[in-house]
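Its first residue numbered 1, the sequence shown is counted upward by one per residue in the UniProt record's numbering.
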Amino acid sequence: PTTRTHIHDTTMSFEEKGAEKHEFDASVSSGDAPKDANYYVANEALVEPEERESLHRDLSARQISMIALGGAIGTGLIIGSGTALVRGGPLGILLGYSFVGFVCYLVMVALGEMCAYLPHKKGFPGYATRFVDPAFGFGLGWNYVMKYVIVTPNNINAAGVVIQYWTRKVHIAIWMVIFIAFIFFINLLGVRVFGELEFWFSSIKVITLIGLLLMGIIIDLGGNPRHDRIGFRYWEHPDGPMGHYLLSTVHEESLSIFLGFWSTLTNALFAYIGTELIGVTVGEAQAPRKNIPIAIRRTFFRILVFYVGGVFVIGLIVPSTNQSLFIANKSKAGAAASPFVVATTLAGIKVLNHIINAAILLFVLSAANSDLYIGTRTLYGLAVQGHAPKLFARVNRMGVPYPALIFCTCFCGLVFLNVSSSSAKVFGWFVNLVSTFGAITWMCICYTHIRFMKALKAQGMSRNDLPYKAPFQPWGSWFALIATGIITLFKGFDTFIPFTKDTFVTSYIGIPVFILFYGGYKFYYRTLLIPSDKVDLITGKREIDEEEERFNKEQEARGPRTRMQKIWEDL
Numbered sequence: 001p002t003t004r005t006h007i008h009d010t011t012m013s014f015e016e017k018g019a020e021k022h023e024f025d026a027s028v029s030s031g032d033a034p035k036d037a038n039y040y041v042a043n044e045a046l047v048e049p050e051e052r053e054s055l056h057r058d059l060s061a062r063q064i065s066m067i068a069l070g071g072a073i074g075t076g077l078i079i080g081s082g083t084a085l086v087r088g089g090p091l092g093i094l095l096g097y098s099f100v101g102f103v104c105y106l107v108m109v110a111l112g113e114m115c116a117y118l119p120h121k122k123g124f125p126g127y128a129t130r131f132v133d134p135a136f137g138f139g140l141g142w143n144y145v146m147k148y149v150i151v152t153p154n155n156i157n158a159a160g161v162v163i164q165y166w167t168r169k170v171h172i173a174i175w176m177v178i179f180i181a182f183i184f185f186i187n188l189l190g191v192r193v194f195g196e197l198e199f200w201f202s203s204i205k206v207i208t209l210i211g212l213l214l215m216g217i218i219i220d221l222g223g224n225p226r227h228d229r230i231g232f233r234y235w236e237h238p239d240g241p242m243g244h245y246l247l248s249t250v251h252e253e254s255l256s257i258f259l260g261f262w263s264t265l266t267n268a269l270f271a272y273i274g275t276e277l278i279g280v281t282v283g284e285a286q287a288p289r290k291n292i293p294i295a296i297r298r299t300f301f302r303i304l305v306f307y308v309g310g311v312f313v314i315g316l317i318v319p320s321t322n323q324s325l326f327i328a329n330k331s332k333a334g335a336a337a338s339p340f341v342v343a344t345t346l347a348g349i350k351v352l353n354h355i356i357n358a359a360i361l362l363f364v365l366s367a368a369n370s371d372l373y374i375g376t377r378t379l380y381g382l383a384v385q386g387h388a389p390k391l392f393a394r395v396n397r398m399g400v401p402y403p404a405l406i407f408c409t410c411f412c413g414l415v416f417l418n419v420s421s422s423s424a425k426v427f428g429w430f431v432n433l434v435s436t437f438g439a440i441t442w443m444c445i446c447y448t449h450i451r452f453m454k455a456l457k458a459q460g461m462s463r464n465d466l467p468y469k470a471p472f473q474p475w476g477s478w479f480a481l482i483a484t485g486i487i488t489l490f491k492g493f494d495t496f497i498p499f500t501k502d503t504f505v506t507s508y509i510g511i512p513v514f515i516l517f518y519g520g521y522k523f524y525y526r527t528l529l530i531p532s533d534k535v536d537l538i539t540g541k542r543e544i545d546e547e548e549e550r551f552n553k554e555q556e557a558r559g560p561r562t563r564m565q566k567i568w569e570d571l
């Protein structure tokens with residue numbers, strides 16, 4: 001049977017604890033280690049697998065930073081914001097995205113603190129297993145896999161919607177096959193190729209978004225073919241400042257305004273979900289303790305400029321009452337998929353709408369590409385911990401977990417649902433599913449971080465000594481946990497007005513699925529919450545330290561870098 005271990009001492013430094021831990025590991029191999037029947041984590045499951053048998057650390061600093069900046073930007077902001085604008089109005093969407101953006105930032109800094117301290121290859125489900133309870137890690141891991149086997153076909157579906165803006169002569173199923181094959185082969189080529197391609201995809205995203213924001217401001221100030229200075233015209237009645245949602249059903253204006261604002265929170269949640277992908281890339285990052293904190297800090301810039309700035313500009317140049325906006329349950333044939341495309345059409349700018357549509361196609365394909373990568377790595381991490389079949393822990397010579405990749409790619413077949421139902425309706429289903437799975441992930445990350453902070457305190461370790469110390473703690477993680485929980489619980493309110501079976505199921509099915517995974521594992525293995533003073537903060541840490549030290553020495557051996565090399569590598 002596997003020997004189980006925990007750390008007793010609560011006052012020693014990180015280094016002293018590391019030394020004792022390796023002495024303790026020697027006793028494990030000799031069979032003399034103590035056992036605790038109630039609180040344990042399998043020691044062998046916490047040790048990092050060897051490099052040749054696992055993921056390769058081939059993601060450079062510039063790739064990590066650019067993926068953090070633009071990697072997860074996809075359908076939520078570029079397409080889904082149209083729905084939020086119609087329901088919440090220009091002020092409602094700005095408030096909704098700002099609030100959820102703050103919550104997202106709190107989740108990211110919490111994740112960043114754990115990742116910088118212990119940048120292992122098991123993703124954040126590994127942190128949940130180590131700091132909370134193996135059952136919690138199992139539930140979170142499979143919840144996250146479920147999220148990514150849904151969000152990948154969602155982005156492919158969105159790509160089909162964007163293509164149909166130009167033509168409907170080619171059957172949408174043909175486009176689906178082409179897109180699925182494209183992202184599968186990119187992921188099959190290894191993380192070095194994936195990282196480089198995603199770097200350029202994300203760079204184009206960032207440049208495009210900056211261009212769209214500038215375009216929106218110029219259009220608003222009168223720099224359009226009609227020389228029409230719009231200003232805050234669309235913030236006035238009847239277009240704004242707040243939208244009305246379900247007014248014909250609730251028959252009360254103030255209530256419909258509140259419901260419109262609340263629906264923007266759900267939409268914003270979907271838009272921000274995916275930001276936590278940095279917690280998965282950490283396993284393949286070079287010098288993670290240096291690069292992950294940098295990437296986390298840039299997340300704040302991304303949220304403030306791209307998301308909050310983006311929806312503010314959209315609210316200025318597109319009236320919330322415009323019929324061309326994409327609404328999941330009312331979309332007409334030929335409706336523009338993005339409010340930015342609607343804006344150029346309204347302003348009378350020709351050709352530019354096609355350029356923007358092409359850029360948006362790149363956005364969603366890039367998002368689908370990174371989604372497949374994250375789903376594959378999460379499943380691999382579960383297999384390494386023994387929470388999924390060992391088959392999924394296999395990697396090829398390029399470090400690609402190919403069985404996990406094939407498994408996740410198979411779920412892309414869900415996209416063919418839009419052959420029988422409209423793309424708009426399927427998009428709505430996927431949004432509901434993804435936002436629930438993603439919200440549960442955020443809550444689990446926050447609770448794991450709370451347990452991590454308690455373990456540090458119980459074992460006499462100061463957060464001031466960590467490679468990265470998250471701001472606004474400990475209340476930040478509690479606030480994000482509670483706020484995300486409230487949004488998740490009430491996000492499907494419109495399924496009851498009137499009651500709709502398909503949207504109700506897709507809005508809430510994620511909650512019982514997580515409970516089933518978590519409760520089933522807990523019942524079968526009889527695991528308990530790991531007490532703070534028995535949480536293992538050390539196992540595997542020295543191996544990661546040594547790996548990073550080797551990398552730093554290799555960098556030094558290359559000699560001094562030129563100014564241009566430094567800019568390129570640290571971009």
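Ideal Cβ placement from N, Cα and C applies to all residues, glycine included.
Proximity to residue 269 across 96, 525, 85 and 455 peaks at 96, based on C-alpha coordinates. Less than 9 Å separates the beta-carbon of residue 115 from that of residue 279. Beta-bridge pairing by DSSP links residue 496 to 499. Considering only 261, 382 and 432, the residue with the shortest C-alpha distance to residue 135 is 382.
With respect to the C-alpha of residue 118, the residue from 274, 148, 191 and 468 having the closest C-alpha is 468. A residue is called buried when at least 16 other Cβ atoms come within 10 angstroms of its Cβ; residue 168 does not meet this threshold and is exposed. Distance from the CA atom of residue 93 to the CA atom of residue 450, rounded to whole angstroms, is 30 Å. Per DSSP, residue 237 lies in no alpha helix (DSSP H) and is assigned neither H nor E.
Counting only residues of its own chain and dropping the five nearest sequence neighbours on each side, residue 429 has a CB closer than 6 Å to the CB of 506. Per the Cβ contact rule, the segment 126-133 is not in contact with the segment 497-517 (fewer than 3 Cβ pairs under 8 Å). Put simply, the backbone Cα of residue 274 is about 8 Å away from that of residue 438.
Close CB contacts of residue 106 within its chain, under the 6 Å cut and outside five residues either way in sequence, are with 476 and 480 (chain order). The segment 527-538 and the segment 449-463 touch, with no fewer than 3 CB-CB distances between them shorter than 8 Å. By the neighbour-count definition (other C-beta atoms within 10 Å, threshold 16), residue 385 is a buried residue. The DSSP-derived three-state label of residue 62 is helix. One Cα belongs to residue 359, the other to residue 208, and the distance between them is close to 7 Å. Its Cα nearest to that of residue 517, the residue 140 stands out among 140, 124 and 544.
Distance between residue 128 and residue 188, taken at the CA atoms: about 28 Å.
Cβ contact annotation for residue 222 (same chain, cutoff 8 Å, sequence separation greater than five): 228, 229 and 230, in chain order. Nearest C-alpha to residue 151 among 433, 535 and 121: 433. Every alpha helix (DSSP H) of 4 residues or more that sits fully in the segment 209-294 is shown, in chain order, as 247-250, 253-272 and 278-281. Annotation: residue 185 to residue 435 spans about 27 Å, alpha carbon to alpha carbon. By the Cβ test, the segment 347-366 is in contact with the segment 144-160, since at least three Cβ pairs between them sit closer than 8 Å.
Take the alpha-carbon of residue 399 and the one of residue 265: they are about 39 Å apart. Between the segment 173-180 and the segment 543-550, the count of Cβ pairs shorter than 8 Å is below three; the stretches do not touch. Look at the segment 297-331 and you find these whole runs of alpha helix (DSSP H), each 4 residues long or longer: 309-317.
The beta carbon of residue 87 sits closer than 7 Å to the beta carbons of 243, 245, 260, 263 and 264 from its chain, once the five residues preceding and following it are set aside; these are given in chain order.
Within the same chain, 137, 138, 140, 141, 144, 378, 381, 382, 385 and 387 come within 8 Å of residue 125 by CB-CB distance, once the 5 residues on both sides are set aside. The criterion of a C-beta distance shorter than 9 Å is satisfied by residue 199 and residue 66.
Looking only at 416, 461 and 483, the smallest Cα-Cα distance to residue 447 is reached by 483. Residue 315 is a Cβ neighbour of residue 91, given a cutoff of 9 Å. Counting only runs of at least 4 residues, the segment 478-550 fully encloses the following alpha helix (DSSP H) elements, listed from N- to C-terminal order: 501-508 and 510-525.
In the structure shown, residue 465 adopts helical secondary structure according to DSSP, grouped into three states.
Residue nearest to residue 353 within the set 297, 463, 166 and 249 is 166 (criterion: CA-CA distance).
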